[in-house]
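Visitor:
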Amino acid sequence: MKLSEFFLPLIKEVPSEAKIKSHQLMLRSGMIRQSTSGIYSWLPYGFKILKKIEKIVREEQDRAGAQELLMPTIQSSDIWKESGRYDGYGEEMLRIVDRQKRELLYGPTNEELITQIFRDNVKSYKSLPLMLYHIQWKFRDEIRPRFGVMRCREFLMKDTYSFDATEDDAKNSYKKMFLAYLKTFEKIGLKAIPMEAETGPIGGDLSHEFIILADTGESQIYIDKNVLDIKSEDFNYNKTDLDNLLKKYNQYYSATDDKHKSEIFEKKVSKSNQLVTKGIEVGHIFYFGQKYSNPMRALVNTPDGKNINVYMGSYGIGVSRLVAAVIEAKYNDKYMKWPNSITPFHVAIISLGKENDEIQKKSFEIYDFIKKNGFDVIIDDTNDSPSSKFKNFDLLGIPFQIIVGSKLKANEYEFKEIGADAIILDKSKILSKLKEIYNFDKKI
RNA sequence: CGGGGCAUAGCGCAGCCUGGUAGCGCAUCUGGUUUGGGACCAGAGGGUCGCAAGUUCAAAUCUUGCUGCCCCGACCA
């Protein structure tokens, strides 16, 4: 991509309405623009990042055995009346009346719709276990939208639903998602801590929030530092591993503000292991058994010929919120650096030459070369002053830069990781360096 | 929903108190110079002053109503 052709409206000044750094950065780097209160357009730069996160989320869901489908944003109110949530959900649900005076709503979540799909199409325990998910825009009419896409009204969410014939199996599905979430956030470069949570309007009797550490987060959290050392890569999706994983987390103290009990914290966790910090909720999983299958009559046959209400769980990840959450977690007030797995471009080439001079030609040489080898690369081919080019790319947070200027010999390029000193490499070394960084042969 | 604030060029703001030809910085466009940390010179374009009504010879400015947005609190991926 040539910067001169890329739709990337940058803002030099800090927009006055943005109070937190992720919101400021997302506006300044041309990722998003507000359409109306709590509703945003995603511009090309931001959309690229959103898509990359979505891709990682999808890959881990698939790996955990969930199947992707796509449900609509607009739902009929009928099924919500069946489940009893039409009145219960409250004003957060956006209700719409169409020209035939039918009551519709913009889905804030999809338990009812997926249950309807399930009951209409699955009759036997033999079809279970089943996990279905989609990645779709949701609308929740927040009382007070704020902080950009962190707490907005229309947001992109991945939601998975599990169906099982027994409570035991259902809890196993729950644990699968538990593990999938840890792996997902880790891949995005974030440390997520699962915490027991209130079940809220979704309901049920088992629930975890996944909170990533960020000192600007909204929730205060209290944890035993030991939880930070649990590595999801040590666990697989078999029953033994999954049971051990939850046991491991249950060993250590971790709680959000509202569940925190300081006496227990002090007693159970040694002083040196106590960590009180802030975090951002990026995922929430629920086991709720027959809460929806009962009123909505989602029945399956058991091996002994009886009908039972299917056991269910639901599992959400705030995909669009994650974009902001990554910034909150990774921006250190000096520079932003996108994690390698979700960076919108693998590398940026900053050409300090002017139109059609030798430096510019040399810049395009390396650009073509890297691009041909499969990397996503952006080149600054504008006539801006060098200082303004550097500032722009610092803002964009692309983790690696190749700087082409007059100080270099014929085959040499400067290679710079954001936040580190530049090193000088020749053309072929740059390619191998990039392949090494991005694990290219493994196709990550 | 309660409390506070704002609305003037794409962005950030001044002008309003005390009514009288719509202004500044950045951005944009043209020409030229410049190029290793937000360059310089010269010129240009861009606004029914959020909407509606009222007062007045005259309203961005005063009055009333409406709408939108932001901030602080209770809820949430």
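Here my numbering is used: the first residue of the first sequence is 3, the next is one more, and so on. Idealized CB from N, CA, C, for every residue including glycine. Computed from a predicted model, the values in this text were never measured in an experiment.
1. Return the CA-CA distance between residue 446 and residue 377, expressed in angstroms with no decimal places.
2. Can you tell me whether DSSP reads residue 16 as helix, strand or coil?
3. Between which two residues does the alpha helix (DSSP H) carrying residue 266 extend?
4. Is residue 430 near the ligand GTP, in the sense that its beta carbon is under 7 Å from a heavy atom of that ligand?
5. Inspect the CB distances between the stretch 325-341 and the stretch 26-38 and report whether three or more fall short of 8 Å.
6. What separation, rounded to the nearest whole angstrom, lies between the Cα atoms of residue 108 and residue 81?
7. Bridge partners of residue 166, per DSSP?
8. Between 152, 391, 211 and 158, which lies nearest to residue 286 when the distance is taken from Cα to Cα?
9. Taking all protein chains shown into account, decide if residue 428 is buried (16 or more other Cβ within 10 angstroms of its Cβ) or exposed.
10. Quick one: Cα of residue 55 to Cα of residue 159, how far?
11. Identify the continuous alpha helix (DSSP H) that holds residue 369 and give its terminal residues.
12. Is residue 82 helix, strand or coil when you go by DSSP?
13. Cβ of residue 10 within 8 Å of Cβ of residue 382?
14. For the beta strand (DSSP E) holding residue 35, just list the boundary residues, first then last.
15. In terms of residue numbering, what span does the beta strand (DSSP E) encompassing residue 392 cover?
16. Measuring alpha carbon to alpha carbon, tell me which residue in 399, 358 and 33 is nearest residue 419.
17. Taking the beta strand (DSSP E) that residue 108 falls in, what are its first and last residues?
18. Could you tell me which of 52, 31, 135 and 101 sits nearest to residue 62, measuring between CA atoms?
19. Across the stretch 148-157 and the stretch 28-45, are there enough close Cβ pairs to call them in contact, namely three or more that are closer than 8 Å?
20. According to DSSP, is residue 256 helix, strand or coil?
21. Less than 8 Å between the C-beta atoms of residue 127 and residue 289, yes or no?
22. So, for residue 318: in the same chain, excluding its five sequence neighbours on each side, which residues have a beta-carbon less than 6 Å away from its beta-carbon?
23. Is the separation between the beta-carbon of residue 58 and that of residue 190 shorter than 8 Å?
24. Counting along the chain, where does the beta strand (DSSP E) carrying residue 303 start and finish?
25. Less than 7 Å between C-beta atoms, sequence neighbours within five positions excluded: which residues of the same chain meet that for residue 401?
26. Looking at residue 404: is its Cβ nearer than 8 Å to the Cβ of residue 351?
27. Measure how close the beta-carbons of residue 84 and residue 313 come, nearest whole angstrom, since I'm counting them as under 8 Å.
28. Between residue 213 and residue 281, how many whole angstroms is the CB-CB distance? I'm expecting something under 8 Å.
Guide: Let me lay it out:
1. Because the pLDDT at residue 446 is just 46, under 50, the model does not fix this residue reliably, and the value given afterwards should be weighed accordingly. Roughly 12 Å separates the two Cα atoms.
2. coil
3. 264-270
4. Within the structure as shown, the ligand GTP is missing, as the structure has no ligands at all.
5. yes
6. 13 Å
7. 313
8. 211
9. exposed
10. 11 Å
11. 360-374
12. helix
13. no
14. 34-38
15. Counting along the chain, residue 392 falls outside any beta strand (DSSP E), though it belongs to the alpha helix (DSSP H) covering 388-398.
16. 399
17. 105-108
18. 135
19. yes
20. strand
21. no
22. 159, 161 and 286
23. yes
24. 301-303
25. 339, 340, 342, 345, 419 and 420
26. yes
27. About 18 Å separates the two Cβ atoms, so there is no contact after all.
28. 4 Å
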